[in-house]
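A.B. asks: Residue numbers (this note's numbering): 2 to 129. Where is the CB? At the ideal position from N, CA and C, for every residue including glycine.
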Amino acid sequence: MKVEHEERIAANLAKIMAMICIRNTRLEDLHAGVQPVTRTGDYSDVNVIDATGQTIPWRTVSHIDDAQMADLMRDIVNRLFTFHMRRDDPSFRDHIDRWMTASNKWDNPVLDTAFLDAVAELGAARKA
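(1) Between the Cα of W107 and those of S45, M18, E7 and A121, spot the shortest distance and give me the residue it belongs to.
(2) Please determine, among N48, L112, M74 and V78, the residue with the shortest C-alpha to C-alpha distance to R9.
(3) What are the partner residues of L58, as DSSP defines its beta bridges?
(4) I'd like the list of long-range same chain contacts for V38, defined as Cβ closer than 8 Å, with 5 residues on each side in sequence excluded.
(5) For T94, which residues in the same chain have their Cβ closer than 8 Å to its Cβ, ignoring the five residues on either side in sequence?
(6) Quick one: residues in its chain with C-beta nearer than 6 Å to the C-beta of N109, no 5 flanking neighbours on either side, listed in chain order?
(7) Label I21 either buried or exposed according to how many other C-beta atoms from any shown protein chain fall within 10 Å of its C-beta, with 16 as the threshold for buried.
(8) Tell me which same chain residues have a C-beta within less than 7 Å of the C-beta of A125, skipping the five on either side of it?
(9) For the alpha helix (DSSP H) that P91 lies in, which residues bound it at each end?
(10) Nearest-angstrom Cα distance between P91 and I50?
(11) State buried or exposed for S45, treating a residue as buried only when at least 16 other CB atoms are found within 10 Å of its CB.
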């Protein structure tokens, strides 16, 4: 298979998996709500005041708690697993094809070199 063809298939697969396995999860619940206004553009002018009266800069406040993160990761893992287990099912393929139109409007992915470096570091650490 030509590299260009393999890259196109991988890009389409990455986009459709991101859309139906990650975007349409509890992540949507976390994204919903009132978004703060920033005049500086970097949110350095936005603060959160917690129940104790503590003022926390927006850029340092946690936007998701441990339970929400665990729920989100379970959703994502379950959906990725389901995707892989049903990828050859004709009715599931039809579902994927319907979503493909929307995901094709997204930017094409690029190799994430920071991710590759982190994986290499983990591999090196395991060998040590």
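C.D. replies: Straight from the coordinates:
(1) Sequence index remark: in the sequence shown, residue 107 carries index 106 (1-based). Minimum Cα distance to W107 is reached at M18.
(2) The residue you call residue 9 lines up with position 8 of the sequence shown. The shortest Cα separation from R9 among N48, L112, M74 and V78 belongs to L112.
(3) As a working mapping, residue 58 is identified with position 57 in the sequence shown. Here residue 58 turns out to be Pro, not Leu, going by the sequence shown. Paired residue(s): N48.
(4) Translated into positions along the sequence shown, residue 38 becomes position 37. These residues qualify, in order along the chain: V47.
(5) Counting from 1 along the sequence shown, the entry for residue 94 is found at position 93. First, the amino acid is wrong: residue 94 is Arg here, not Thr. Here the set comprises R88.
(6) The sequence position of residue 109 within the sequence shown is 108, counting from 1. Excluding residues within five positions, the ones whose Cβ falls inside 6 Å are A12.
(7) The residue you call residue 21 lines up with position 20 of the sequence shown. Classification of I21: buried, given that the 10 Å Cβ count is 16 or more.
(8) The residue labelled residue 125 in the question sits at position 124 within the sequence shown. Nothing listed; no residue qualifies.
(9) For the purposes of this step, residue 91 is taken as the residue at position 90 of the sequence shown. Where P91 is concerned, the enclosing alpha helix (DSSP H) stretches over P91 to S104.
(10) To locate residue 91, count along the sequence shown from 1; it is residue 90. To locate residue 50, count along the sequence shown from 1; it is residue 49. Distance between the alpha carbons of P91 and I50: 51 Å.
(11) In the sequence shown, the residue the question calls residue 45 occupies position 44. Exposed: under 16 other Cβ atoms inside 10 Å.
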